[in-house]
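Residue numbers (this note's numbering), protein chains in the order written: chain V, 253 to 563; chain C, 13 to 183.
A virtual CB, placed ideally from N, CA and C, is assigned to each residue, including glycine.
Okay, structure first, notes after.
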Amino acid sequence: MRLAALGSTVQRAASPTYPSSRAAGALRRRLVAAVLVVVSLAMLTLYFREADSGPMHSVQGAVASVLHPFQVGAERIARPFRDAYGWTSGLVHARSENEKLRKDLQELRLKAIQNQSAAQENADLRKALNYISGPTFPRDYDGLAASVTSYATGEWEQSLVISAGGRNGVSLDDPVVSSDGYLVGQVTKVTRTSSEVTLLTDSTSSVTARDAATATLGVLEIGEGPDRPFELNRVRKEQVVRKGDTIVTAGRRFGRLGSMFPANIPIGSVSHVNQTDIENFQQIQVDPFADFSSLDILVVLVPKEQQDPSP
Amino acid sequence: MTADVFKAAIAFFLVVVVQATIVSSVAPMGGKADLVLVTLAAVALLRGSIFGAIAGFYAGFLLDAANLDTLGVSSLLLSLAGYWIGRYGETTGRDRAHAPLVSIAVVTVLYAFGALVLHAMLGESVSVQSALRSLPATILLNLALTVPVYALVRRLFAPVSRLPIKDVEFG
């Protein structure tokens, strides 16, 4: 019996592709690798040391501008499939979520009635005192919706790239919220056509936050541990924070800590409160409202140029 | 050779766009597949260490530009990855059917730790725990991608000279 068998299981370029002289080939190979490593290190060093307006950043911005339309196109193609996946996976929890939402709706209706009278009273008192407040959300900001065009590859990088940049009015440190209006992060890099958003889940992020019910201040940061929960830190034992309370941005710094976000952006709800005899501060965990695993569209809060002078 | 360079330039441009926009947005089992690394491994195995290193540098440059990351980080890691896989294909991996799978499994681990060290050296906050937790899933996803990607890349970068079919006699 005669059978045909391939001479090689992995067919690759054979020796004619490479230089005939083994020594010359090895030298050339090492030289190319060394040059590439040196160029990479030089790029890295230059980029790291220069200002955001430096030449390496300009090169990056130019290349990002070339990639931008392709990324937007790819994102548009992928979006229906991503939506279908989200819709299907959402069906699994739909029934239990529906029951929970109905209960929440009843409670919120009661709270809304109470809040209406409180808001009217607040407005009257501000007017009487000629009170001028700092910028608050959403009154003093315009929302600029942008799709996410790039997701970080590594597990430790908690940042995204969005399709709005300097030409759209995005500036460094602008706050970013989800399409539902929940805080997700801050703009940390801006090119002409795109911007980098560092998420709250990054360990470098911190926000001065406030318990909306008790006005207790703290600093919201991502915690350690396998689940990496959000923690409201620097809350003293005598201060009151209850499970289920809503946490919003405070709109000011906490000493030297915390980034400056406008006041009243919803962040999450308190899921766990604990205190021990040896600690000065309470241990508070917060469940974020925003779903950080499925961020497709983000809203950049661009400050209005003409601030409303009314109180 | 010129045709190969042209094909690699276009292929990696598209792969980087797909990686940054689509592949990185999904994390099944807690890990993210690395299409750029898998494609680079296939190209380096088929075209050798020099081609692999240059392709890695180019892909890394595009990836850092797309993600607005520090320029040079991915270029450095992918250049070394392309060079190492190319050398493996030229030496030990020669004539071995499992070479793509072995090289991807090994290089995924090396790449993850290399990136971890490099980001830590740049003063960025890195979590060894989260990197280790996601690594098994990333290896599995990359291995799952290897077979179709290698087949596609082999069509694109057809071997320059094929070894002849041998006649084998049985009985």
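Neighbour flag for residue i against chain C, beta carbons, 8 Å
i	result
V:F322	yes
V:Q312	yes
V:S292	yes
V:R566	In the structure as shown, chain V begins at 253 and stops at 563. Residue 566 of chain V is therefore absent and cannot be evaluated.
V:A265	With a pLDDT of 49 at V:A265, under the threshold of 50, the predicted position of this residue should be treated as unreliable, though the coordinate-derived value follows. Interface residue, yes.
V:V289	yes
V:E483	no
V:L296	yes
V:K556	no
V:S458	no
V:T401	yes
V:F544	no
V:L319	yes
V:G510	Interpretation of V:G510 is limited by its pLDDT of 47, a score under 50 that renders its predicted location unreliable; no figure is taken from the coordinates.
V:T340	no
V:S446	yes
V:S455	yes
V:Y299	yes
V:E473	no
V:T443	yes
V:V284	yes
V:V552	no
Interface flag, residue i vs chain V, CB-CB below 8 Å
i	result
C:K44	yes
C:L83	yes
C:Y100	no
C:I34	yes
C:L88	yes
C:V165	no
C:L52	no
C:L134	yes
Close Cβ partners of residue i (< 8 Å) along its chain, the five nearest in sequence each way excluded
i	result
V:K352	none
C:D185	The requested residue 185 of chain C does not occur in the structure, where chain C is confined to residues 13 to 183.
C:V119	L49, A53, A93, W96 and I97
V:E483	L472, E473, I474, G475, Q535, I536, Q537 and V538
C:E136	none
V:Q438	D425, D426, P427, V428, V449, T450, S457, S511 and F513
Straight-line gap, residue i to residue j (C-alpha atoms, nearest Å)
i	j	result
C:T158	C:V50	6 Å
C:P112	V:P481	38 Å
V:G503	V:S317	34 Å
V:A465	V:D497	6 Å
C:I22	C:A143	31 Å
V:G510	C:G94	Here V:G510 scores only 47 on pLDDT, less than 50, and its place in the model should not be relied on; the value that follows carries that caveat. Answer to the nearest angstrom: the Cα atoms are 42 Å apart.
V:E373	V:H320	49 Å
V:G342	C:A156	26 Å
V:A467	V:R361	22 Å
V:G527	V:F533	It is Gln, not Gly, that sits at residue 527 of chain V in the sequence shown. About 7 Å.
V:E359	V:A370	17 Å
V:E531	V:V487	11 Å
C:F169	C:Y123	24 Å
V:V290	C:Q141	31 Å
V:S546	C:P40	12 Å
Beta-carbon proximity check, residue i vs residue j, cutoff 8 Å
i	j	result
V:E302	C:L80	no
V:I444	V:G313	Per the sequence presented here, residue 444 of chain V reads as Arg, with Ile not at that position. Yes, they are a contact pair.
V:V554	V:D394	yes
V:Q323	C:T150	no
V:A542	V:Y434	yes
V:D463	V:I499	yes
C:L47	C:V35	yes
V:L412	V:L451	yes
C:L153	C:A71	no
V:V284	C:I62	yes
V:K489	V:S523	no
C:V121	C:L147	yes
V:A416	V:V552	yes
C:F69	V:L288	yes
V:I519	V:V459	yes
V:S430	V:V436	yes
C:L74	C:V28	yes
C:F24	C:A67	yes
V:I549	V:A397	yes
C:G105	C:A56	no
Contacts that residue i makes with chain D (C-beta to C-beta distance below 9 Å)
i	result
C:S115	This model lacks chain D altogether, as its protein chains are V and C.
Neighbourhood of residue i by C-beta, 6 Å cutoff - its chain only, sequence neighbours within 5 removed
i	result
V:E327	S399 and T401
V:Q410	L451, T453 and D454
C:L130	V85
V:T440	E448 and T450
Cβ-heavy atom distance, residue i to the ligand SAM, below 7 Å
i	result
V:S423	Absent from the structure shown: the ligand SAM. Ligands present: none.
Tell me which residues of the stretch 62-82 of chain C have at least one Cβ-Cβ distance to chain V shorter than 9 Å, keeping chain order.
I62, F63, A65, I66, G68, F69, G72, F73, L74, L75, D76, A77, A78, N79, L80, D81 and T82
Chain-ordered residues of the stretch 17-31 of chain C with a beta carbon less than 9 Å from chain V:
F25, L26, V28, V29, V30 and Q31
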